[in-house]
Ligand code: NAP
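See below:
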């Protein structure tokens, strides 16, 4: 039985390199890698060796004869990816009989450095992109790495962003623990750039500095009433339920009947699912005890996830929609929500499967317990308040699909949805770092393949990786190839003599163990 990639796929592509027959796509060097919602195993090419199972850091790959009920949609989803003659596996067929080893098995060589001295690299941040960068650097036997993490626990969004009930995805922290065990890696916890160490000091003490600070805040919705009590961001809510120290003191009033979430990306779905899930099921997870108690006394009956585009433009991915649909919570759609899109059904199998599942949800009988309503074609116009100045709803402009030009257009009609809490979930945003250039439009540090650049060209020895490099998109594993690219540029600069060594021996002390 061929193996199957399931919901937790983090797209770090370790499976791609482990696979001896090139049956997992898209690969990091294929054009659709960055936009793909997951990786897929070609059932016609898979030789059932299981190498990918061992390589996957989140346990997302299972043998086809051991599919659990929650994953029963995935054999077809994997196969459908290869039903189109234009898919990479068909374009680059590999003879399974050859069994070419794709995994990088070359013996690691030292990284070239000025005078052949040991190479020292500092990384700021300890989230997924930082850990993958450290892993890539430590493949070279003469490189040592110091990670500076401002919090007292490492691994950033892997710890504080992944939903507590996504147990498989959270397993990636075991991989990061493994990387952290390397003697040539120090993780300095409670070490904040600008407070405990300066950029100048890091540059002086290392051949190179990689900034991997992520996207530290959320995009703000600029509509009237956005500052009302009761309006918060999904980022804050996620930080709160995951026990992030910056958000541990937040309070969310869950005493009203309805919560509205604006935006329908995967973060919005995570938040909606946590609000709708029976707290008893969350109790054994890592959810913060404060959040668990608040959810236990929650009076919320409906969570509306409102998006400005139609069902065919939903930002959530198919695996996350499947997790919601098959995860035991009630999911509904507004009547007629799918009518306008049926005529223009997509040819892309993932988009088609998403619409098919939405249609299935629309036809399901209503269950008991809190429900999640997926609302489409709604653009937030303003937040409403009662006489006491407390939030009591959101007014949306109603859109329609523009069949001529594609996309959406306003109808001029509005609808007000009553709600006691509104969570804006319209994406993360990078924060400017003193001493580094910043692109305020994209919220990233300007860079060329990871080299930090200004209009005068690259700044020697300064690099970026992760969301602060490419913007807040992709999955945890997307950072593996992203960080590999940054480390490759760093290595090229060392080899070309563009980086000078540390000015003096720096103090390498471990402030605290992780
Ligand atoms: P996202 O996927 O970019 O979704 C943002 C949502 O906000 C979209 O629905 C977008 O609508 C909407 N939006 C943006 N500006 C808006 C505005 N002015 N008014 C109304 N709506 C607006 O962002 P995200 O959910 O924060 O996720 C960030 C990344 O993390 C994504 O790559 C996601 O896949 C990843 N992630 C993955 C998982 C997982 O795999 N389990 C979990 C969490 C996050 P438009 O489409 O109309 O712009």
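Numbering (the working numbering), first residue to last: 21 to 534.
Every residue, glycine too, gets a C-beta built ideally from N, C-alpha and C.
Because the structure is a prediction, the values reported are computed rather than measured.
Residue i to residue j, Cα distance in whole Å?
i, j, result
"residue 463", "residue 21", "45 Å"
"residue 222", "residue 146", "16 Å"
"residue 115", "residue 521", "Low local confidence applies: a pLDDT of 45 at residue 115 is under 50, so the model's placement there is unreliable, and no value is given."
"residue 397", "residue 415", "13 Å"
"residue 75", "residue 52", "22 Å"
"residue 218", "residue 56", "38 Å"
"residue 404", "residue 245", "7 Å"
"residue 234", "residue 460", "15 Å"
"residue 470", "residue 98", "32 Å"
"residue 157", "residue 207", "14 Å"
"residue 324", "residue 289", "10 Å"
"residue 37", "residue 65", "15 Å"
"residue 128", "residue 177", "30 Å"
"residue 185", "residue 250", "25 Å"
"residue 465", "residue 261", "29 Å"
"residue 193", "residue 170", "18 Å"
"residue 357", "residue 224", "59 Å"
"residue 32", "residue 336", "19 Å"
"residue 67", "residue 93", "21 Å"
"residue 447", "residue 360", "27 Å"
Any idea what DSSP makes of residue i, helix, strand or coil?
i, result
"residue 481", "strand"
"residue 337", "coil"
"residue 466", "coil"
"residue 39", "coil"
"residue 332", "helix"
"residue 202", "coil"
"residue 430", "strand"
"residue 112", "The predicted position of residue 112 is uncertain, since its pLDDT is 45 and thus under 50; a value taken from the coordinates is nonetheless stated next. Of the three classes helix, strand and coil, the one that applies to residue 112 here is coil, per DSSP."
"residue 321", "coil"
"residue 216", "coil"
"residue 128", "coil"
"residue 160", "coil"
"residue 419", "strand"
"residue 282", "strand"
"residue 249", "coil"
"residue 25", "strand"
"residue 45", "strand"
"residue 538", "Residue 538 cannot be examined here, being either before or after the span of the chain that is shown, 21 to 534."
"residue 313", "helix"
"residue 294", "helix"
"residue 136", "helix"
Determine, using beta carbons only, whether residue i and residue j come nearer to each other than 8 Å.
i, j, result
"residue 334", "residue 280", "no"
"residue 26", "residue 80", "yes"
"residue 440", "residue 270", "no"
"residue 472", "residue 457", "yes"
"residue 369", "residue 164", "no"
"residue 59", "residue 43", "no"
"residue 309", "residue 347", "no"
"residue 162", "residue 139", "yes"
"residue 148", "residue 496", "yes"
"residue 320", "residue 287", "no"
"residue 400", "residue 322", "no"
"residue 454", "residue 214", "yes"
"residue 351", "residue 231", "no"
"residue 377", "residue 353", "no"
"residue 282", "residue 445", "yes"
"residue 482", "residue 229", "yes"
"residue 77", "residue 23", "no"
"residue 71", "residue 39", "yes"
"residue 168", "residue 211", "yes"
"residue 517", "residue 130", "no"
"residue 474", "residue 506", "no"
"residue 449", "residue 239", "yes"
For the beta strand (DSSP E) containing residue i, list its first residue and its last residue.
i, result
"residue 167", "163 to 169"
"residue 472", "471 to 474"
"residue 446", "Careful: residue 446 lies outside any beta strand (DSSP E) and carries neither H nor E."
Along the alpha helix (DSSP H) that carries residue i, what are the first and last residues, could you check?
i, result
"residue 405", "Here residue 405 belongs to no alpha helix (DSSP H); instead the beta strand (DSSP E) covers 398 to 405."
"residue 261", "254 to 261"
"residue 496", "Here residue 496 belongs to no alpha helix (DSSP H), and DSSP marks it neither H nor E."
"residue 188", "187 to 190"
"residue 231", "No alpha helix (DSSP H) contains residue 231, which is instead part of the beta strand (DSSP E) from 228 to 231."
"residue 488", "487 to 490"
"residue 100", "94 to 100"
Since residue i contacts residue j with CB under 8 Å, what's their CB separation in whole angstroms?
i, j, result
"residue 344", "residue 374", "Their Cβ separation, rounded to whole angstroms, is 12 Å, which puts residue 344 and residue 374 out of contact at 8 Å."
"residue 132", "residue 429", "So it is not a contact: roughly 57 Å between Cβ atoms."
"residue 499", "residue 160", "Between residue 160 and residue 499 the Cβ distance is about 19 Å, and since that is not below 8 Å, they are no contact."
"residue 421", "residue 285", "Residue 421 to residue 285, Cβ: 20 Å. No contact."
"residue 303", "residue 295", "About 15 Å separates the two Cβ atoms, so there is no contact after all."
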